[in-house]
Amino acid sequence: MLKVTKKDGNLTVYYVEKKKNKTLNMKMISLNADFEDIQNLYCDLDAKFKGRPKSLLVIINPNAGKKKGIKVYKKIADSLFQLCDIKLDIIVTNRQNEPTEILKNYDLSKIDGIVTVGGDGLYCECMNGLVKRIQQDNSVNLDNHNADIVSSALPIGIIPAGSGDVIVQYLHGTRCPRTAVMHILLGNHVDSNIVSVHAGRHLLSYSALVLGFGLFGDMMHDCEKFRWMGPSRYNIIPLGSMLKRREFDVEVEYYPLTQNEKPKQARLYGRQVSLPNGSVSQSKLQRKQRTKSSSDLQKENSVNEDKTILFPDLVKEEGRIYAVDSHAIMMKEKSGRMMPHFGQNSLMVYTTHKCTLPDHVSQLTKVKNEKLDCVCIIRLIE
């Protein structure tokens, strides 16, 4: 239900209808009855709107995707927001990273949420700005990768108008902008993980989707050079990146999650380090002796009364690889396909070892098509 209006003996209800293709559509029904009955029904229905957003900051990227951000907002979102009497503060961005600057000093107390009209990039910029602002308000040192990050109670909604729109596709199963607006108006939300990226003692950024070092980074870097191609660049440019794929000497550290470690009240956050090594010549990753995590980190992550440590010993690996990747939104098997899962208690790290080009292309194709066997052991070339 989106809105209820009453006039004399008439009650009009605007509600949401779900279709088979996971899209949502708005419907309307009018009811006639005695004034007292209408008044009582109106009060009952109006009580169901508690917790819904009433004031939103809308940030539009006019250059996202096919440069239809403003058109998508005016044609689809604006009328629905007006219908539901949403108080709006609309900002159209002019440059990259502007959302982060806006949120640094914005009065967050006057809004119930942030809405982005654009692609995954705009969402990530707003997420970075919001997370950094919350840490600033709570005196958290962003450059300390072991710091306890304070979560934001302010949700971010996404109206898709970008090239990929992967996150909104994961959320709703469709890239339909109208469906996204409906979910925002209904107050639907999910908890999602983010991953910090630090270089030395400095925070570079937070990732809400994919964190990659090596081939994935090369692909995204190459795709950015061809933004004028729109969404099609993601199907064409990576082929060139694959043909010139490079090997990297890396060192990876992580906390393994064992079968017995399934925290219910606290999430298990590991640390991933991916750095050029330079002195390693092995063609395979070699597991080194486990090293202890710091005593301070152990104390911070003790959640049970018996002081059981959630973090096991740190595992360190090094070697030559094509890529090391992690996903803030984890993909897990469901109904015969790999499906997105938000807010998981742990993350997975994927490494791509030396392999033939055909095998590598086959594996990445399976990832793109969300096949169950996309995560596999590829034959090594000695």
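Residues in the sequence shown are numbered consecutively from 1, following the UniProt record's numbering. Quick reminder that beta carbons are idealized off the backbone N, C-alpha and C, glycines included. Treat the numbers as computed from the prediction; the structure is a model and nothing was measured.
Residue nearest to residue i in terms of C-alpha spacing, selected from the options
i: Q39; options: L56, D8, K54 and K27; result: D8
i: V58; options: D89, R245 and L11; result: D89
i: I86; options: A64, R95, K110 and E101; result: K110
i: Y234; options: C223, S326 and S192; result: C223
i: residue 389; options: L203, L239, N144 and V150; result: Here the chain comprises residues numbered 1 to 382, so residue 389 is not present and cannot be evaluated.
i: S196; options: P231, R227 and L347; result: L347
i: M330; options: E251, F216 and A208; result: A208
i: L243; options: T356, S326 and G129; result: T356
i: A47; options: D249, E317, N146 and V4; result: V4
i: L154; options: H189, H172, E125 and H360; result: H189
i: M28; options: N21, L80 and D44; result: L80
i: D249; options: M220, E317, D148 and S326; result: E317
i: N105; options: P53, G129, S152 and S335; result: G129
i: S326; options: S30, L257, Y350 and D313; result: Y350
i: M229; options: K6, G51, V361 and K67; result: K67
Where residue i falls, given that 16 or more other Cβ within 10 Å makes a residue buried
i: T116; result: buried
i: Y322; result: buried
i: M127; result: buried
i: L338; result: For clarity, residue 338 is Met in the given sequence; the question names Leu instead. So M338 counts as buried.
i: L2; result: buried
i: L11; result: buried
i: G118; result: buried
i: D120; result: buried
i: I184; result: buried
i: G319; result: buried
i: E36; result: exposed
i: S279; result: Residue confidence is low: S279 scores 30 on pLDDT, short of 50, so the model does not pin down where it sits. No coordinate-derived value is stated.
i: H360; result: buried
Beta-carbon proximity of residue i to residue j, cut-off 8 angstroms
i: R246; j: D218; result: yes
i: H341; j: K332; result: yes
i: G214; j: V324; result: yes
i: N193; j: G343; result: yes
i: L211; j: A328; result: yes
i: L56; j: D112; result: yes
i: Y206; j: V131; result: yes
i: residue 426; j: R133; result: What is shown of the chain runs 1 to 382, which leaves residue 426 out entirely.
i: L122; j: A33; result: no
i: K22; j: G240; result: no
i: L372; j: G336; result: yes
i: K6; j: Y42; result: yes
Beta carbon proximity, residue i to chain D, threshold 8 angstroms
i: E36; result: Although the question refers to chain D, the structure presented lacks it and comprises just one protein chain.
Segment contact flag, the segment 70 to 84 with the segment 153 to 167, C-beta cutoff 8 angstroms, min 3 pairs: yes
In chain order, each beta strand (DSSP E) run of at least 3 residues that lies wholly inside the UniProt domain "DAGKc" (51 to 202): 55 to 60, 87 to 92, 113 to 118, 156 to 160 and 195 to 199
Three or more C-beta pairs below 8 angstroms linking the segment 91 to 99 and the segment 171 to 189: Taking a contact to require three or more Cβ pairs closer than 8 angstroms, the segment 91 to 99 and the segment 171 to 189 do not qualify as touching.
Any 3 or more C-beta pairs closer than 8 angstroms across the segment 8 to 18 and the segment 54 to 73: With a cut-off of 8 angstroms, the segment 54 to 73 and the segment 8 to 18 do not count as touching, because too few Cβ pairs lie within range.
Sequence ranges, alpha helix (DSSP H) only - wholly within the segment 302 to 360, length at least 4: none
Validate contact between the segment 132 to 140 and the segment 161 to 176 using beta carbons, cut 8 angstroms, 3 pairs: no
Start-end ranges of the beta strand (DSSP E) lying completely within the segment 210 to 249, minimum 3 residues: 210 to 214
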